[in-house]
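With the sequence shown counted from 1, adding 48 to any position gets you this note's numbering.
For glycine and all other residues, C-beta sits at the position ideal for the given N, C-alpha and C.
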Amino acid sequence: MEKIEVKNPGQYYVNNWIIYDALDGPAIDENKWSLRITGLVAKPAEYTYKELNRMNGIEYISDFNCVTKWSIKEAKFTGPSLRDLIMKSGPAPEAEWVMFVCADGYDTPVPFDDAVDEKSILALKIDDKPLGIKHGFPARPFIPSLYGWKSAKWITEIRLMEKYEDGYWEAYGYHERGKVEDQERFKGFAWKKIRRHSEIDK
Ligand SMILES: Nc1nc2c(c(=O)[nH]1)N[C@H]1C(S)=C(S)[C@@H](COP(=O)(O)O)O[C@H]1N2
Ligand SMILES: [Mo]
49 MEKIEVKNPG QYYVNNWIIY DALDGPAIDE NKWSLRITGL VAKPAEYTYK ELNRMNGIEY
109 ISDFNCVTKW SIKEAKFTGP SLRDLIMKSG PAPEAEWVMF VCADGYDTPV PFDDAVDEKS
169 ILALKIDDKP LGIKHGFPAR PFIPSLYGWK SAKWITEIRL MEKYEDGYWE AYGYHERGKV
229 EDQERFKGFA WKKIRRHSEI DK
C-alpha cells in the first residue's frame, strides 16, 4: 500500500478519531443522497452512492491532521479520485477555488489545484470500512496535504468557483488553504500564491 508522507509539524498522534461536528450530524438516506458537481463546469454531474462505489478508485495510507493538533497515524483511504470526478465535468479555466458543501450546512473551500491533486480522493471507506455516519457517511473528500477541516463530512456538492469564499471555519479566521506542512492554521500568514489553473492542464 502506498504511503503518503506529509510533514506534520506541531501535531501529536492520538489512537482514535475525535468526532468534530460544528453543526448537528444530518440524517442521511443513502438511496436519496447524491453528490453534485456544479458551478464553473462544462458538464454539471450528479452521482449516486451506488455509482460512486462502482467507479475504479484509488487507495493509499495517509495521516489525518486536525488543525487543533491531534493526528491519526496512517489511516487507509479508499474511493474515486476527486481529480477524475472534477476533470470529467470539464472545469472552466476561471475555476480557481472549489467549495465542498455538506448535508449539515457545513462548507469549506480548497484551491482548485489541491482539489485536483493526484492524491485528492472522495473517500467512501476508511480502513476498509464504509464511513460511519458520524464520520461523514456516505462520502467525504480528503486531501493529504491539507488539515482535516477541509475533509467535509456528508458532502453533497462540489462547486467550482472563480473567487475565494469563506466556508464555516474560514469565517472564524481559519486559513483559506490549510496546508499542514506550512502550518497554515489561521488566516494572515504569508502563503505562496497558488499555481494557476492553466498550468495543471498539461
Ligand atoms: N460536515 C462537516 N464536516 C467536517 C466537520 C464538521 O463539523 N462538519 N469538522 C471537520 C473537522 S474540524 C475535522 S478535524 C474532521 C473530523 O473528522 P471526524 O469527525 O470523522 O473525526 O471533520 C471535518 N469535517
Ligand atoms: Mo479539525
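Whole-number beta carbon distance between residue j and residue i, since they are thought to touch under 8 Å
i, j, result
"D162", "S193", "7 Å"
"S119", "Y61", "5 Å"
Residue nearest to residue i in terms of C-alpha spacing, selected from the options
i, options, result
"T96", "V89, G105, L88, E78", "E78"
"G73", "V146, I203, D152", "D152"
"L130", "A187, Y222, Y216", "A187"
"L12", "I169, P139, G196", "The structure shown does not extend to residue 12, since the chain is modelled only from 49 through 250, so no value can be given for it."
"E218", "T156, G105, Y195, I109", "T156"
"K121", "K198, D165, K51", "K51"
"G221", "W197, T204, I203", "W197"
"H183", "F112, E94, P92", "F112"
"V164", "F185, S137, G180", "S137"
"D132", "S199, V115, P189, H223", "P189"
"L100", "F185, L172, Y216", "L172"
Buried or exposed by the 16-neighbour rule on C-beta atoms within 10 Å, applied to residue i
i, result
"R102", "exposed"
"K201", "buried"
"K167", "buried"
"I191", "buried"
"N104", "exposed"
"G127", "buried"
"L71", "exposed"
"P92", "exposed"
Residue i versus residue j - alpha carbon distance
i, j, result
"D249", "M135", "Reliability fails at D249, whose pLDDT of 43 lies under 50, so the model's placement of it is uncertain and the value that follows must be treated cautiously. Straight-line Cα distance between these residues: approximately 10 Å."
"N63", "A90", "43 Å"
"V158", "I206", "10 Å"
"I66", "M49", "25 Å"
"K98", "S82", "9 Å"
"K227", "E142", "22 Å"
"L229", "V54", "In the sequence under discussion, the amino acid at residue 229 is Glu, which differs from the Leu named in the question. Approximately 7 Å between the Cα atoms of the pair."
"I85", "N56", "31 Å"
"A123", "M209", "30 Å"
"E144", "G58", "29 Å"
"V146", "I76", "23 Å"
"K117", "F125", "20 Å"
"R225", "K80", "31 Å"
"T204", "S110", "24 Å"
"D69", "C150", "12 Å"
"I169", "I181", "18 Å"
"Y154", "E107", "26 Å"
"R243", "F160", "Because R243 carries a pLDDT of 48, less than 50, the predicted location of this residue cannot be relied on, and no value is offered for it."
Closer than 8 Å to chain C by CB, residue i
i, result
"F148", "The structure shown has no chain C; it contains just one protein chain."
Cβ pair count under 8 Å reaching 3, the stretch 225 to 234 against the stretch 171 to 183 = Using a C-beta cut-off of 8 Å, the stretch 225 to 234 makes no contact with the stretch 171 to 183, since fewer than three inter-stretch Cβ pairs fall below that distance.
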